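Inspection log for the structure reproduced underneath, given as structure tokens.
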Amino acid sequence: MSRARVAFLVWLSGTAMLVGIAAVVLTKQFRASAPAETKQPSTDRAALSEKEKISALLDDLAGSQAKFIRNGTEYSGAQAADHLRRKWRAAGERITTSREFIDALASRSSSSGDAYRVRDGESTTDSGAWFLARLEAIERAHAGAGVSGSGQTLVGSADGAGAVLALLRESPDRFRIVESDEIEIYTGRQLARRIGLKHTLAGSPVLPVDAFIDQFCTTSSLHGTLYEVDGTPPIKLADWVRAKVVR
136 MSRARVAFLV
146 WLSGTAMLVG
156 IAAVVLTKQF
166 RASAPAETKQ
176 PSTDRAALSE
186 KEKISALLDD
196 LAGSQAKFIR
206 NGTEYSGAQA
216 ADHLRRKWRA
226 AGERITTSRE
236 FIDALASRSS
246 SSGDAYRVRD
256 GESTTDSGAW
266 FLARLEAIER
276 AHAGAGVSGS
286 GQTLVGSADG
296 AGAVLALLRE
306 SPDRFRIVES
316 DEIEIYTGRQ
326 LARRIGLKHT
336 LAGSPVLPVD
346 AFIDQFCTTS
356 SLHGTLYEVD
366 GTPPIKLADW
376 VRAKVVR
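Per my numbering: the sequence shown = residues 136 to 382.
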């Protein structure tokens with residue numbers, strides 16, 4: 136190989152090395168000057184379970200001023216919710232979704248086949264349509280609820296909802312609600328979701344801690360039975376929260 140060819144190959148190799156070094160330097164400089172990537176906080180937007188949706192529908196009916204018309208007789212929202220809950224329990228595993236609940240149990244009488252009706256304010260409608268509208272509101276309310284990275288509802292400092300719901304979410308205790316003759320056990324996070332959804336459906340009123348506890352953390356709207364901390368003996372949830380919440 137001639138000296139000229141060797142010199143050319145050495146020059147070419149050196150030039151390639153310099154180009155590679157320059158590329159590495161420029162890449163590092165570009166990355167250093169680029170704005171830092173903002174990592175979005177994780178959010179607690181786990182989808183509501185179908186059971187939670189059905190419970191929320193019954194809570195919403197029981198706490199409403201709507202009148203429920205079944206086989207020609209008018210019942211209060213609480214009475215109707217109690218009846219539908221018994222039908223739900225009797226149906227067992229046949230009902231797996233909230234829409235199945237509405238279609239199979241909450242739209243018509245199983246004895247007469249007549250449609251249930253709901254008188255809400257001045258309007259009266261088939262209960263199936265009423266429940267579907269409430270279900271869509273429940274799903275929108277959950278999907279649109281603002282949360283922080285810790286899963287706490289984003290509320291103003293004067294709002295007792297934030298302090299109470301955060302306390303429940305972080306609690307290792309078990310909580311219970313007596314629904315008719317059945318005791319349902321909840322984790323703190325599950326109970327916070329249920330109470331938080333009730334608060335959202337009520338219009339998210341801004342309340343101080345004690346008023347929030349009185350309105351949302353005292354009794355089940357379905358049967359008026361106490362929310363309790365499980366134990367021997369059980370403790371009223373309202374008393375437990377008042378003793379622990381940071382004001």
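Note that the Cβ used here is the ideal one computed from N, Cα and C, for glycine as well. Here the structure is a predicted model, which means the values were calculated and not measured.
For T335, the uninterrupted alpha helix (DSSP H) run begins and ends at 323–336, by DSSP.
In the three-state DSSP reduction, A301 falls in the helix class (H, G or I). About 11 Å separates the CB atoms of I237 and L193; that is not less than 8 Å, and the two are not in contact. DSSP, read as helix, strand or coil, puts S258 in strand.
For Y251 and S258, the gap between their C-alpha atoms comes out near 14 Å.
Counting only the Cα atoms, L342 lies some 33 Å from A241. Comparing C-alpha distances from Q200 to each of D255, Q214, K188, E185 shows the shortest one belongs to D255.
Contact check for A272 against L336 passes: the beta carbons are separated by less than 8 Å.
Check the Cα spacing between E235 and each of H277, T208, L270: the tightest is with L270. For the 8 Å CB-CB criterion, I320 and D374 do not form a contact.
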